[in-house]
Amino acid sequence: MTTSGPAPATHFIREIIDEDLRTGKHARIQTRFPPEPNGYLHIGHAKAICLNFGLAADYPNSLCNLRFDDTNPTKEEEEFVQSIIEDIRWLGFDWEDRLYYASDYFEKLYEWAEDLVGKGKAYVCDLSADEIRESRGTLTEPGRESPHRNRSPAENLDLLRRMRAGEFPDGSRTLRAKIDMAHGNMNMRDPIMYRILRARHHRTGDAWCIYPTYDWAHGQSDSIEGITHSLCSLEFEDHRPLYDWFLDALGVSHPRQIEFAKLRLSYTVLSKRRLRRLVEEGVVSGWDDPRMPTLRGLRRRGFTPESIRALCDRVGVAKKESVIDLALFEHLLREDLNKRARRAMAVLRPLKLVLVDYPEGKTEELSAVNNPEDPSMGTRTVPFSRELFIEKDDFLEHPPKEFYRLAPGREVRLRYAYFVKCVEVVKDPATGEPIEIRCTHDPATRGGDAPDKRKVKATLHWVSAGHAVAAEVRLYDHLFSVPDPTDAREGKDFKDYLNPNSLAVIPSCRIEPSLAAAAPGVHVQFERVGYFVVDTVDSKPGKPVFNRTVTLRDEWARIQKRHPSSR
RNA sequence: UGGGGCGUCGUUAAGUGGUAUGACACAGGUCUUUGGAACCUGGUUCGGAGGUUCGAAUCCUCCCGCCCCAGCCA
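Under this note's numbering, read the first sequence as residues 1 to 567, first letter to last.
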C-alpha cells in the first residue's frame, strides 16, 4: 500500500516503533486488525485498519494480520466475517495468507489456562454472576475474595477439566485469574478467563462449552502471532496491566499494547449501539443506507477508498479524544473526485428555456470536455436544440446585486453552447412563478466563446428538452443537524437531533443522454451541482438513480446564508 | 473520598527550554466557458495560578475541566 508522496505524518506510536527498531528490541514489526465479527465496519474502524496496515507497509519486512476476535459465540456470525473481509479489501488492504481467528487458538489457550492453574495463578470459582458482581467491590471500595480462591491446583485442574467436559451448567462456574481483589483497577480483581456457555460457535461449532473472555484471549493471540505492537483504543488502557500480567505469568513472547483515541466524526454517530438503533427503528433503510457512516454506506454514497485513506492519514494518531470535522472528510473527497469524476450536465429542478430565434426541429451536437482536470479523459458530444431546461435556481426575476445568473434582459453563457439573453418571462397565471424563459442566442458564440471577447458573469448548465433522459436523484445531507448528537441535553436522545432533510428524493430530473447508460458505482460530477454516484442497489437501465455524494463548494449558497434577504 | 487517561486557533494535529507551525473551516482577493478547481493574503491560540530560568507550550507545585473502568461484551 506504499504510495509515493509526502512522508507519513509522525505520531507517538511511530516514535515508539522507531525507538524499538533503533535499540534493536525489534528488527521488524507485526501488527494486527482484530475485529469482532458482530457487526459492520464503519469509518471509525477504518482508522484502525489504516493505522495497522499502514504501519506494516511503511516499515521494512513488516506485516499486518487480519484476526477475527471471535470469543463470544452468542453475538458473532459468519455473515459479518464475510462483510468485514469485503470492506477491508475495498479499502485497499491485503493480509495475504494471514487470516486468523482467535478461535484458532482455543486449544492453546486452554492448555495455557491449565498451566496457570498449575502455577496457582488461576482458580475455578463457583460464584454466580450476581455473587461475583457483588463481591467485586466498587470503584472506591475493595472487593472480597471468593471463598473458592484458595483451592489447590489439583482440585482446580480437576474442576477446569470437568468444566471443559461439560459437567456443569452454563454460568455455574468460571475460571478466574488469582490477582488482587483490592486492586484499584477493577480489571485486576480476579478477572474471569473462562465462562461456561453452550452456544454454537460459527467456526468451532459445538466443540466447546467454555469460551475465553476478551482479556484472556487477546494478548495471548497477539503473542501466538508474534505481534510486536498491539494497537487498540483508549478504553483498553485499564486492561493493559492485565494484558501484561497474563503474558508475564505465562512467560511467553510479550507484545506491547498501545492505546490511541478512536476516530469520531461530526454530524454522525459511530457506536454500534446507536447505529443499530438507526437501522432497527427505520431511520435509515439499512446498514448500507448512503447516510450511514458504515463502509458499506459510504461506498454506496459514493465515497472513495482513496478519500477514506486520506482522511485516516490526515486525522493523526494521538491520545486526545477528538471529533473530526466532517468538512475535512468532504474536502478530501472532493479533492479525489475532482481529479477522477467525469463531468456531465444534469438539471435537478427543470425550468424551460426557449430560444425564440433558434430554428424549430434543428439539433446540433456540441463538444464538451469530460474532465477539465484531466485532458486524457477526452470529450463527448451533447445535443442542443431550441427547447432546453435550465436549473430553476439559475433564474431570478428580481435578482439581488450578488446574483449574476440569468435575469430579465441579462446575457449568460450556456456551457459549451451559446450566449443567450433573456427577452421574456412566461409566468404561471395562478402562482406568478416563472414557468418558461424566452431567450435569443448569439450564433457567433457557438461553443461558448465570444469572438468580440465580451464577458458574461455566469455560465449555466442545461439539457436539451427533447433529448434529455429522466432520472431519479437522491439528495443526501448530514444525518444529524448538530456536530455532536451524542452530547444530548438532559432528557434528550441523539435521535432528537436527526436532520429532517438528510434525504430529499427528486423523482424526475433531466440528465444529458450520455449519462443514461452509466454503470452502477460510477462517479460523475453534475457540473455546478455536485458529485453523484450511480446507485448500486436501485439504479436500473432505463431508470437510472443517482445519489448525491457531496455538493460542490457553493459560493452563491454562502452569500445567501450571509444575506438571507437576497432571495 | 479508588484506578487509568487527556487539555496548543472554530476543529484537528506539530512543537521535546530559545521567533508558536500545518491542514480543514472562516474572511478577503486573483483567475476562470463549473460562483467548481487552482493560486494569493489574513487571525496570535498553549485550561488556570504560582514557581525555576536570561528565556517556559515544554521543567516543578497546586488547582480546574473533560473522558474511561464496578459484563461470565469486545
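Just so it is clear, CB atoms sit at the ideal spot from N, CA and C, and this is done for glycine as well. Source: prediction; values computed, not measured.
* Asked: So what's residue 283 in DSSP terms, helix, strand or just coil?
  -> Translated into positions along the first sequence, residue 283 becomes position 283. The answer is coil: DSSP assigns residue 283 none of H, G, I, E or B.
* Unbroken alpha helix (DSSP H) runs of length 4 or more, entirely within the stretch 103-168: which are they? -> 106-118, 129-135, 153-165
* **When 473, 541, 126, 415 are compared against residue 449, the one with the closest alpha-carbon** => Translated into the one-based positions of the first sequence, residue 449 becomes position 449. Ranking 473, 541, 126, 415 by Cα distance to residue 449 puts 415 first.
* To do: Please specify which runs of the beta strand (DSSP E), each continuous and at least 3 residues long, are wholly inside the stretch 441-469, giving them in chain order.
  => Whole beta strand (DSSP E) segments, 3+ residues: 462-464.
* Anticipated Cβ contact below 8 angstroms, residue 425 with residue 458, distance rounded -> Within the first sequence, the letter at position 425 stands for residue 425. Within the first sequence, the letter at position 458 stands for residue 458. With a Cβ gap of about 17 angstroms, residue 425 and residue 458 do not count as contacting.
* The alpha helix (DSSP H) enclosing residue 421, as first and last residue numbers -> Here the question's residue 421 lines up with position 421 in the first sequence. Segment 419-427 is the beta strand (DSSP E) holding residue 421; no alpha helix (DSSP H) there.
* Pull up the CB-CB distance for residue 105 and residue 220, whole angstroms please, since I reckon it's below 8 angstroms. => Here residue 105 refers to the residue found at position 105 when the first sequence is read from its first residue. Here residue 220 refers to the residue found at position 220 when the first sequence is read from its first residue. Confirmed, Cβ separation roughly 7 angstroms.
* Asked: What residue from 462, 89, 190 has the CA that sits closest to residue 241's CA?
  -> Locating residue 241 in the first sequence gives position 241, counting from the first residue. Of the candidates 462, 89, 190, the one whose C-alpha sits nearest the C-alpha of residue 241 is 190.
* Three-way DSSP call (helix, strand, coil) for residue 561 in this model -> Within the first sequence, the letter at position 561 stands for residue 561. Of the three classes helix, strand and coil, the one that applies to residue 561 here is helix, per DSSP.
* Asked: Hey, would you say residue 494 sits closer than 8 angstroms to residue 195, going by beta carbons?
  -> Residue mapping note: residue 494 aligns to position 494 of the first sequence, counting from 1. Residue mapping note: residue 195 aligns to position 195 of the first sequence, counting from 1. The answer is no: Cβ separation not under 8 angstroms.
* In the DSSP assignment, what are the bridge partners of residue 65? -> Working through the first sequence from its first residue, we reach residue 65 at position 65. In DSSP, residue 65 forms a bridge with 32.
* To do: Report the rounded CA-to-CA distance for residue 467 versus residue 288, giving the unit in angstroms.
  => Counted from its first residue, the first sequence places residue 467 at position 467. Counted from its first residue, the first sequence places residue 288 at position 288. If I take the Cα positions, the gap works out to 34 angstroms.
* Closest Cα partner of residue 496 within the set 343, 506, 508, 479 -> Translated into positions along the first sequence, residue 496 becomes position 496. It is 479.
* Asked: Considering only residues of the same chain and omitting the five flanking positions on each side of residue 347, which have a CB-CB separation below 6 angstroms?
  -> Here residue 347 corresponds to residue number 347 of the first sequence, with the count starting at 1. By the criterion of a C-beta distance shorter than 6 angstroms, residue 347 is surrounded in its chain by 389, 391, 463, 510, once the five residues flanking it on both sides are discounted.
* residue 518 versus 542, 502, 501, residue with shortest Cα-Cα distance -> Walking along the first sequence from the start, residue 518 turns up at place 518. Selected option, being the one with the closest Cα: 542.
* Is the number of C-beta pairs between the stretch 15-35 and the stretch 278-296 that are closer than 8 angstroms three or more? -> The stretch 15-35 makes no contact with the stretch 278-296; the number of CB pairs closer than 8 angstroms stays below 3.
* To do: Run the CB neighbour count on residue 2, radius 10 Å, all protein chains shown included, and call it buried at 16 or more, exposed below.
  => Within the first sequence, numbered from 1, the residue matching residue 2 stands at position 2. Its pLDDT being 36, under 50, residue 2 is placed unreliably by the model, and the measurement read from it follows with that caveat. Residue 2 comes out exposed.
* To do: State whether the stretch 67-83 contacts the stretch 195-209, with contact taken as three or more CB pairs (one from each stretch) at a distance under 8 angstroms.
  => yes
* Considering only residues of the same chain and omitting the five flanking positions on each side of residue 308, which have a CB-CB separation below 6 angstroms? -> The residue given as residue 308 occupies position 308 in the first sequence. These residues qualify, in order along the chain: 46.
* Asked: What is the DSSP secondary structure of residue 390, counted as helix, strand or coil?
  -> The residue labelled residue 390 in the question sits at position 390 within the first sequence. Here residue 390 sits in strand by DSSP.
* For residue 187, which residues from the same chain have a beta carbon less than 6 angstroms from its beta carbon, with the 5 sequence-adjacent residues on both sides left out? -> Position 187 of the first sequence, counting from 1, holds the residue named residue 187. 238, 239, 242, listed in sequence order.
* Near residue 110, what residues of its chain come up, given a Cβ to Cβ distance below 7 angstroms and the 5 sequence neighbours on each side ignored? -> If you number the first sequence from 1, residue 110 lands on position 110. Hits under 7 angstroms: 164.
* Relative to the alpha-carbon of residue 446, which residue among 475, 368, 563 has its alpha-carbon at the smallest distance? -> Along the first sequence, one-based indexing puts residue 446 at 446. Nearest C-alpha to residue 446: 368.
* Extent of the continuous alpha helix (DSSP H) to which residue 55 belongs -> Mapped onto the first sequence, residue 55 falls at position 55. Counting along the chain, the alpha helix (DSSP H) containing residue 55 begins and ends at 43-58.
* Asked: So who's on the other strand from residue 25, going by DSSP bridges?
  -> Mapped onto the first sequence, residue 25 falls at position 25. None; residue 25 has no bridge partner.
* Pick helix, strand or coil for residue 13, following the three-state DSSP scheme. => To locate residue 13, count along the first sequence from 1; it is residue 13. Looking at residue 13 - three-state DSSP - the assignment turns out to be helix.
* Could you tell me which residues DSSP pairs with residue 366 in its beta bridges? => As a first step, residue 366 must be located in the first sequence, where it is residue number 366. DSSP output for residue 366 lists 382 as bridge partner(s).
* Asked: Going by DSSP, which residues form a beta bridge with residue 232?
  -> Along the first sequence, one-based indexing puts residue 232 at 232. For residue 232, which the question treats as bridged, DSSP gives the partners 259.
* Asked: Could you give the distance in angstroms between the alpha-carbon of residue 532 and the alpha-carbon of residue 395?
  -> Counting from 1 along the first sequence, the entry for residue 532 is found at position 532. Counting from 1 along the first sequence, the entry for residue 395 is found at position 395. Approximately 23 angstroms between the Cα atoms of the pair.
* Asked: Under 8 angstroms between the Cβ atoms of residue 523 and residue 302?
  -> By 1-based counting over the first sequence, the position of residue 523 is 523. By 1-based counting over the first sequence, the position of residue 302 is 302. Yes, these two residues count as a Cβ contact at 8 angstroms.
* Please state whether DSSP places residue 509 in a helix, a strand or coil. => One-based indexing of the first sequence puts residue 509 at position 509. Three-state result, residue 509: strand.
* What are the partner residues of residue 101, as DSSP defines its beta bridges? -> If you number the first sequence from 1, residue 101 lands on position 101. 68, per the DSSP bridge assignment.
* Candidates 538, 512, 514: closest to residue 521 by CA position -> In the first sequence, residue 521 corresponds to position 521, counting from 1. Measuring from the Cα of residue 521, the nearest candidate turns out to be 538.
* **Neighbour-count burial assignment, residue 435, 16 or more Cβ in a 10 Å radius** => Walking along the first sequence from the start, residue 435 turns up at place 435. With fewer than 16 other Cβ atoms within 10 Å, it is exposed.
* In angstroms with no decimal places, state the Cα-to-Cα distance between residue 62 and residue 160. => What you label residue 62 is simply residue 62 of the first sequence in a count that begins at 1. What you label residue 160 is simply residue 160 of the first sequence in a count that begins at 1. Between residue 62 and residue 160, the alpha-carbon positions lie close to 38 angstroms from each other.
* Asked: Exposed or buried, what is residue 18 when buried is set at 16 or more other beta-carbons lying within 10 Å of its beta-carbon?
  -> Taking the first sequence and counting its residues from 1, one reaches residue 18 at position 18. So residue 18 counts as exposed.
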